[in-house]
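Quick note, our numbering runs 45 ahead of the 1-based positions in the sequence shown. Note that beta-carbon positions come from the ideal geometry of N, C-alpha and C, so glycine has one too. The structure displayed is predicted, hence computed values, not measured ones. Everything on this sheet refers to the single structure shown next.
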Amino acid sequence: MPKNPNFSYEEYDRFSLDETNDAECLTECRFRKHDLQILLEVLNPAALQIYSNAIAEKGAALHNCFRFVDSLILRPVCRPGEHQRVIYNAHKRVHALKCQCVALPNGLIGNLYGPVEGRKHDTGMLADSGLLQDLQRFANSPAGNPFCLYGDPACPHRIYLQTLFRNRALTAPMIAFNQSMSTVRESVEWLFNDIVNYFKFMDFKKNQKLALVV
Numbered sequence: 046m047p048k049n050p051n052f053s054y055e056e057y058d059r060f061s062l063d064e065t066n067d068a069e070c071l072t073e074c075r076f077r078k079h080d081l082q083i084l085l086e087v088l089n090p091a092a093l094q095i096y097s098n099a100i101a102e103k104g105a106a107l108h109n110c111f112r113f114v115d116s117l118i119l120r121p122v123c124r125p126g127e128h129q130r131v132i133y134n135a136h137k138r139v140h141a142l143k144c145q146c147v148a149l150p151n152g153l154i155g156n157l158y159g160p161v162e163g164r165k166h167d168t169g170m171l172a173d174s175g176l177l178q179d180l181q182r183f184a185n186s187p188a189g190n191p192f193c194l195y196g197d198p199a200c201p202h203r204i205y206l207q208t209l210f211r212n213r214a215l216t217a218p219m220i221a222f223n224q225s226m227s228t229v230r231e232s233v234e235w236l237f238n239d240i241v242n243y244f245k246f247m248d249f250k251k252n253q254k255l256a257l258v259v
């Protein structure tokens with residue numbers, strides 16, 4: 046049996062909001078259907094400009110960064126009886142599931158992908174999520190200038206996705222850039238802590254079991 050079994054995600058029916066009633070949406074997604082209109086209002090180009098201005102005012106070196114992305118919302122789970130290597134994260138040395146989250150300055154989650162198996166690399170999860178393609182389509186100002194995300198060191202460097210300088214010999218401006226962006230990026234960690242505080246069961250490892258439904 047291969048070490049990396051193929052999980053056929055594509056065989057599941059695609060989620061359709063039109064076919065989901067309000068009660069199902071609240072149960073499965075923790076929000077009501079009409080609340081989605083709020084996301085339309087907070088993700089339009091004018092709102093992205095407000096976010097980037099707010100981040101720049103806090104001392105960020107990037108003046109077109111409107112939100113932060115983190116690929117390490119890693120939650121430990123109970124060790125499964127089968128396919129243990131698939132969800133084992135060697136870096137943290139724990140069996141876990143991970144998600145990719147984009148946090149907005151107003152405290153909302155603008156994009157969430159996952160969960161995926163704990164051993165999956167951040168760059169692979171980024172590619173599977175299609176986030177970069179969505180940014181190219183929608184993250185532009187009315188004048189056509191690109192907005193960008195700021196990610197952790199594991200993220201690739203792109204026009205729409207910026208990260209810190211990783212040169213072996215950093216110049217003074219590079220060090221100042223890294224420090225300014227690291228300071229404002231701390232807000233994404235606050236959001237993750239809020240989620241765990243609101244949903245305490247997520248922090249109880251022994252109750253996070255996989256493959257309970259056949």
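My output table needs one value for residue i: the three-state DSSP class, helix, strand or coil.
i: LYS103; result: coil
i: ILE204; result: coil
i: GLY155; result: strand
i: TYR57; result: coil
i: ASP248; result: helix
i: PRO218; result: helix
i: ARG230; result: helix
i: ASN242; result: helix
i: PRO90; result: helix
i: CYS123; result: coil
i: PHE192; result: coil
i: ASN98; result: helix
i: ASN68; result: In the sequence as displayed, the identity of residue 68 is Ala instead of Asn. Of the three classes helix, strand and coil, the one that applies to ALA68 here is helix, per DSSP.
i: ASP179; result: helix
i: ASN223; result: helix
i: HIS140; result: strand
i: ARG112; result: strand
With distances taken from CA atoms, which of the options is nearest residue i?
i: GLN178; options: PHE246, GLU231, GLY196 and TYR205; result: TYR205
i: PHE192; options: PRO198, ARG203 and ALA199; result: ARG203
i: VAL229; options: LEU255, ALA99 and ASN190; result: ALA99
i: VAL147; options: LYS254, ASP197, LYS103 and ALA101; result: ASP197
Quick test of your reading: residue i and residue j, contact by CB under 8 angstroms. State the CB separation rounded to the nearest angstrom.
i: PHE113; j: LEU194; result: 7 angstroms
i: LEU142; j: ILE154; result: LEU142 to ILE154, Cβ: 17 angstroms. No contact.
i: TYR158; j: LEU180; result: With a Cβ gap of about 13 angstroms, TYR158 and LEU180 do not count as contacting.
i: ALA184; j: LEU93; result: 7 angstroms
Once the 5 residues before and after residue i are set aside, which same chain residues still bring their CB inside 8 angstroms of it?
i: LEU71; result: ARG77
i: GLN129; result: HIS140
i: ALA106; result: ALA221, PHE222, SER225 and MET226
Taking its Cβ as the centre, do 16 or more other Cβ atoms sit within 10 Å of residue i, making it buried, or is it exposed?
i: GLU162; result: buried
i: PRO121; result: buried
i: ASP239; result: exposed
i: LYS165; result: buried
i: ALA188; result: exposed
i: GLN145; result: buried
Excluding the 5 residues preceding and the 5 following residue i in the sequence, name in chain order all residues of the same chain whose CB lies nearer than 7 angstroms to its CB.
i: MET219; result: PHE210 and ASN212
i: TYR96; result: PHE111, ARG112, LEU149 and PRO150
i: ASN134; result: LEU119, ALA141, GLY163 and ARG164
Is there at least one non-hydrogen atom of the ligand ADP closer than 8 angstroms to the beta-carbon of residue i?
i: ARG112; result: Judged by which ligands are present, the structure shown has none, so any question about the ligand ADP falls away.
Note down, in chain order, each residue of its chain lying with its Cβ closer than 6 angstroms to the Cβ of residue i, except the 5 sequence neighbours on either side.
i: ARG124; result: HIS140
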